[in-house]
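Each remark here refers to the structure printed beneath this line.
Protein chains: 2
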Amino acid sequence: RCFHFCKLPGRVMGIRLLRFTSVVIIVLLLVAGALTALLPTIKDDKLPNSRREPKTQSQSALDSFTLIMQTYNRTDLLLKLLNHYQAIPHLHKVIVVWNNIGEKTPEEMWNSLGPHPVPVVFKVQTVNRMRNRLQNFPDLETKAVLMMDDDTLVSAHDLAFAFSVWQQFPEHIVGFVPRKHISTPSGVYSYGSFELQNPGFGNGDQYSMVLIGAAFFHRGYLEDFQQQPEAVYALIDETQNCDDIAMNFLVAKHTGKPSGVFVKPVDIRNLEKDTNSGYSGMWHRAEHLLQRSYCVNKLVNIYDGMPLKYSNIMISQFGFPNYANHKNKM
Amino acid sequence: RCFHFCKLPGRVMGIRLLRFTSVVIIVLLLVAGALTALLPTIKDDKLPNSRREPKTQSQSALDSFTLIMQTYNRTDLLLKLLNHYQAIPHLHKVIVVWNNIGEKTPEEMWNSLGPHPVPVVFKVQTVNRMRNRLQNFPDLETKAVLMMDDDTLVSAHDLAFAFSVWQQFPEHIVGFVPRKHISTPSGVYSYGSFELQNPGFGNGDQYSMVLIGAAFFHRGYLEDFQQQPEAVYALIDETQNCDDIAMNFLVAKHTGKPSGVFVKPVDIRNLEKDTNSGYSGMWHRAEHLLQRSYCVNKLVNIYDGMPLKYSNIMISQFGFPNYANHKNKM
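If you read the protein sequences in the order shown, they are chains D and R. Under UniProt numbering, the letters of the first sequence match residues 1 to 330, in that order. Under UniProt numbering, the letters of the second sequence match residues 1 to 330, in that order.
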């Protein structure tokens, strides 16, 4: 009703109207602000479970990944690899898990050789544990993690492609090193690569694990890893091995599908021989592979079943490096 | 309350209790039966939209596929191919779309040379149309369709693998022949294969279509195809071409993702030269490729937009035929 205002003379009514309108506008703005504050925050930390389309806009958290590289006794290789990996497209940040207990990190040298394309964080550890790299680092800002061993070089082309594949299979470990387990008539499992017999499901070979030492996976799995039975941590600590097998068990249990998607690398190199430290990596220990078979069987006990599933999907990049790499003679 | 029964002497109470219990049990059974009848029937004819695990038990409708092969003027090739395809694992039935108008089908000869591993149905057509093969045939009992041109031979190994891939990507066209469209500065699209310039999204090439003349897809898309604008049928009939491009548009619109998944064939052969008919297929017409570019632009008009999306995923079979086909020199 305008009765109150309408009775007033024109000028006074004009001022009153103006004040009224101003109050209304301010109230509306306050209400809008309050509503915005009340909007639920989109929590996207949970693991997705469907094939996702790669986004074209650059959104930091969704369109980039964090490299986690654990290092022990091979600082020369670490620095060589940091120079390579710091310039990989879509890299957001590097987290170096420093397993050289009591030794200073190369942070000073790193800073003196700046500027760098991305930030590098050195996480100093108190105990030299294989599973240190599987902590749920608060420094992680991206959905995707790229985990690399400190002696492995994968080309930028391979990584850019594998990252785009991970974006389409975000609930899987998307990486470059496939392995498998096999059943034996005794019911005891054995671990191996393609030199081991095929599991016998149709033609060709199968893999049931993708090793995390050269792979992309969702950060949610680092959160999940913190919730595993104590026996899993004890196993990894006892063997200083098998953290990657444990992760594959975890992912397979979570998805009910094969844990990994294998992307065939064009250019992957092991730089072990190039180190001055003389240290050549855990996998040279005599018992390394036997340990891994042992771990498979122990994990089946701990998880009360074999969750790993087989896959024979091998993904390559269409038309790269050879633009006719799919040509057939038809 | 048990007051009514409790007052009665033991024997009478026993009989009453027994009768009461029996009535209760019968009522419960009736209720359970009614509930079961009321359970919603699971309609699985709709297109799924998530990655599906291959089933290990043999369930006819889910674990097998129907081959649909259209044929015109190449009955010698048809029969040669039928001998090959009739024995492909997981094949449920063959539907031959008989475009030889007025001519008798080879059904008699087929029957005289029985028994055969699977039933073959000859669908006699009244008009020789390219899109005859895209009818929603009532003979279809499986979720999966394998569509093959009548001059294309794909090995059983390739088909078995591609079928297992389709089972993991049931909403896509999973096949052996990738093609693409490209944008030009004028806004006019052009159609081609890998000899055409790359679309320019990062390294390597991309494909935006998988041709249906050698591919698996979900039968739901045949249903969908019946619901398209009249202009689409007119276009296909006018050109006697482009039914496969139209199907890729349909699938891309439905999923919002790349329509196809390319599986690199190990052994795919074009038997055109082997025919006695002298007929060498539509793609030899001078205007064939120009028509296909024309179709891409017409379909963009009809659908008011370009729904095709690019992919660079190339899938091969891990460890087959060469058990070390993924070995790297690391």
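A virtual CB, placed ideally from N, CA and C, is assigned to each residue, including glycine.
Contact set for residue i: own chain, Cβ-Cβ below 8 Å, skip 5 residues either direction
i, result
"Leu-235/D", "Cys-242, Ala-246, Cys-295, Lys-298, Leu-299, Ile-302"
"Tyr-310/R", "Lys-180, Pro-199, Phe-201, Gln-206, Tyr-207, Ser-208, Pro-258"
"Thr-75/R", "Asn-100, Pro-106, Ser-277"
"Asp-158/R", "Phe-176, Val-263, Pro-265, Val-266, Asp-267, Ile-268"
Buried/exposed call for residue i, threshold 16 Cβ in 10 Å
i, result
"Phe-65/R", "buried"
"Ile-101/R", "exposed"
"Ser-183/R", "exposed"
"Thr-126/R", "exposed"
"Thr-21/D", "exposed"
"Asp-274/D", "exposed"
"Gly-256/R", "exposed"
"Gln-291/D", "buried"
"Gly-260/D", "buried"
"Gly-319/D", "buried"
"Leu-91/D", "buried"
"Val-31/D", "exposed"
Rounded straight-line distance, which links the Cα of residue j to that of residue i
i, j, result
"Ile-25/D", "Arg-16/D", "14 Å"
"Phe-194/R", "Ala-160/R", "26 Å"
"Lys-104/D", "Arg-285/D", "27 Å"
"Asn-136/R", "Arg-219/R", "8 Å"
"Ala-324/R", "Leu-153/D", "21 Å"
"Pro-170/D", "Val-165/R", "18 Å"
"Val-120/R", "Gly-305/R", "40 Å"
"Leu-82/D", "Leu-146/D", "13 Å"
"Phe-163/D", "Thr-239/R", "41 Å"
"Ala-87/R", "Gln-197/D", "27 Å"
"Thr-142/R", "Asp-63/R", "8 Å"
"Val-96/R", "Ser-155/R", "19 Å"
"Gly-213/R", "Pro-265/D", "31 Å"
"Pro-138/R", "Glu-223/R", "11 Å"
"Gln-227/D", "Arg-133/D", "15 Å"
"Gly-33/D", "Phe-225/R", "48 Å"
"Trp-110/R", "Ser-316/D", "42 Å"
"Glu-108/R", "Lys-327/D", "40 Å"
"His-288/R", "Met-314/R", "26 Å"
"Leu-28/D", "Arg-19/D", "14 Å"
"Gln-167/D", "Val-23/D", "49 Å"
"Leu-79/R", "Val-232/D", "59 Å"
Close Cβ partners of residue i (< 6 Å) along its chain, the five nearest in sequence each way excluded
i, result
"Ser-280/D", "Glu-272"
"Lys-93/D", "Thr-66, Val-118, Pro-119"
Residue nearest to residue i in terms of C-alpha spacing, selected from the options
i, options, result
"Phe-262/R", "Leu-67/R, Arg-285/R, Gly-220/R, Asn-312/R", "Asn-312/R"
"Tyr-221/D", "Leu-250/D, Pro-117/D, Asp-158/D", "Leu-250/D"
"Val-210/D", "His-116/D, Gln-227/D, Tyr-191/D, Gly-204/D", "Tyr-191/D"
"Leu-67/R", "Arg-129/R, Met-148/R, Val-27/R, Leu-28/R", "Met-148/R"
"Met-69/R", "Gly-204/R, Gln-168/R, Ala-215/R, Lys-264/R", "Ala-215/R"
"Val-124/D", "Pro-117/D, Asp-76/D, Thr-71/D", "Thr-71/D"
"Gly-175/R", "Asn-248/R, Arg-131/R, Ser-112/R, Gln-227/R", "Asn-248/R"
"Leu-77/R", "Asp-267/R, Ala-32/R, Asp-150/R, Phe-320/R", "Asp-150/R"
"Asn-203/D", "Glu-108/R, Pro-89/R, Asn-203/R", "Pro-89/R"
"Asn-73/R", "Lys-93/R, Val-23/R, Pro-106/R", "Pro-106/R"
"Met-330/D", "Val-232/R, Arg-129/R, Val-177/R, Met-330/R", "Val-177/R"
"Gln-131/R", "Glu-230/R, Pro-321/R, Gly-278/R", "As written in the sequence, residue 131/R is Arg, which differs from the Gln given in the question. It is Glu-230/R."
"Leu-140/R", "Asn-322/R, Gly-319/R, Gln-227/R, Ala-61/R", "Ala-61/R"
"Val-188/D", "Pro-117/D, Thr-75/D, Lys-80/D, Ser-293/D", "Ser-293/D"
"Pro-117/D", "Leu-18/D, His-84/D, His-157/D, Val-31/D", "His-84/D"
"Ile-173/D", "Val-27/D, Asp-244/D, Val-232/D", "Asp-244/D"
Per-residue contacts from residue i into chain R (C-beta, under 9 Å)
i, result
"Ile-315/D", "Ile-313, Met-314, Ile-315, Ser-316"
"Ala-160/D", "Gly-202, Asn-203"
Under 7 Å from the C-beta of residue i: neighbouring residues of chain D
i, result
"Pro-265/R", "Asn-328"
"Phe-137/R", "Those within 7 Å of Phe-137/R in chain D number zero; the least Cβ separation is about 27 Å."
Interface partners of residue i on chain R, CB under 7 Å
i, result
"Arg-269/D", "Met-330"
"Gln-206/D", "Phe-318"
"His-157/D", "Asn-203"
Under 8 Å by beta carbon: chain R residues contacting residue i
i, result
"Val-165/D", "Ile-313"
"Asn-198/D", "Gly-319, Tyr-323"
Beta-carbon neighbours of residue i, restricted to chain D and to distances below 9 Å
i, result
"Pro-178/R", "Phe-318, His-326"
Beta-carbon proximity list for residue i, same chain, < 7 Å, skipping 5 on both sides
i, result
"Lys-253/R", "Tyr-303, Pro-307"
"residue 341/R", "An answer regarding residue 341/R cannot be provided, because it is not within the stretch 1 to 330 covered by chain R."
"Trp-98/R", "Thr-71, Thr-105, Phe-122, Lys-123, Val-124, Gln-125"
"Arg-129/D", "Asp-237"
"Met-282/D", "Gln-240, Asn-241, His-288"
Within chain A, partners of residue i - CB distance below 8 Å
i, result
"Phe-262/R", "No chain A is part of this structure, whose protein chains are labelled D and R."
Partners in chain D for residue i, counting only beta-carbon separations shorter than 8 Å
i, result
"Phe-194/R", "Gly-319, Tyr-323, Ala-324, His-326, Lys-327"
Any non-hydrogen atom of the ligand ADP closer than 6 Å to residue i Cβ
i, result
"Met-130/R", "In the structure on display, the ligand ADP does not appear, and there are no ligands present to speak of."
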